[in-house]
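Counting from 1, position 84 in the sequence shown corresponds to residue 84 in the UniProt record's numbering; the numbering is continuous, with no gaps. One structure is given below, encoded as structure tokens.
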Amino acid sequence: MKNVGLIALLTLLSGTACGYPEYGSKHSGEVHYDMSHRSVMYFAPSNDDKVKEFLLGTLTNECSLEERDVVTLVITEDGFSSPAWVKETFDYSTLIKMYGINKGEHAAVLIGKDGSEKLRWGAKTDWALVKETIDAMPMRQAEMKRAASRCSI
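Below, the structure is given as structure tokens:
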């Protein structure tokens, strides 16, 4: 029983668990982790119309985002988050420093499966550009060769 508890504790304290959404340490200058997903993190001062528009976009593009293994996170300065667990897990001030976001700014960051930043934009999300950027990534190219799109009509 002690071994199970020790393994659980070590898993929780691992670099990957502590580093998400940054995906771990960048001491060597480059990160080459093979994560199971990509992330879009959307930062905002409050749960305003721009946040609602972003969340609507995630619903509209749900199939395409799931197919591309994209997890979306919203965190606002005033405490709103989506999913709700984000605010309990991550500190807004720490994340905006980590990603170089200015307080009061609407900004989004796309992180690839390798843990590096792939795209950054402001309040308005161009979902076609996000999907295009992901589809140009080497890992995504390999994924597309293995399976046809299930989101096509």
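The beta-carbon is built from N, C-alpha and C at its ideal position, and this holds for glycine as well. Remember, it's a predicted structure, so these values are computed and weren't measured experimentally.
Distance between beta carbons of residue j and residue i, contact taken as under 8 Å
| i | j | result |
| --- | --- | --- |
| Thr133 | Lys118 | 6 Å |
| Val71 | Ser39 | 5 Å |
| Met41 | Leu73 | 5 Å |
Residue i, DSSP secondary structure in three states
| i | result |
| --- | --- |
| Arg150 | coil |
| Lys145 | helix |
| Ser25 | Residue placement at Ser25 cannot be trusted, given a pLDDT of 36 that sits under 50; what the coordinates show is reported in the next sentence. Correct three-state label for Ser25: coil. |
Residue i versus residue j - alpha carbon distance
| i | j | result |
| --- | --- | --- |
| Arg120 | Glu88 | 24 Å |
| Leu65 | Lys103 | 27 Å |
| Leu55 | Phe43 | 12 Å |
| Lys50 | Pro138 | 31 Å |
| Met147 | Asn61 | The identity of residue 147 in the sequence shown is Ala, whereas the question assumes Met. Taking the straight line from one Cα to the other gives about 19 Å. |
| His106 | Ala123 | 5 Å |
| Arg150 | Lys131 | 15 Å |
| Ser81 | Asn47 | 8 Å |
| Pro45 | Ile75 | 9 Å |
| Leu129 | Ala136 | 11 Å |
| Glu53 | Thr125 | 9 Å |
| Ser36 | Gly112 | 10 Å |
| Asp69 | Asp114 | 13 Å |
| Ala108 | Asp78 | 17 Å |
| Gly100 | Pro83 | 22 Å |
| Glu143 | Cys63 | 15 Å |
Residue-chain proximity (residue i, chain B), Cβ-Cβ < 8 Å
| i | result |
| --- | --- |
| Ala108 | Absent from the structure is chain B; it holds one protein chain and no more. |
Enumerate, from N- to C-terminal direction, the unbroken alpha helix (DSSP H) stretches of 4 or more residues contained entirely within the UniProt domain "DUF4174" (35–143).
49–60, 62–67, 85–89, 92–98 and 127–135
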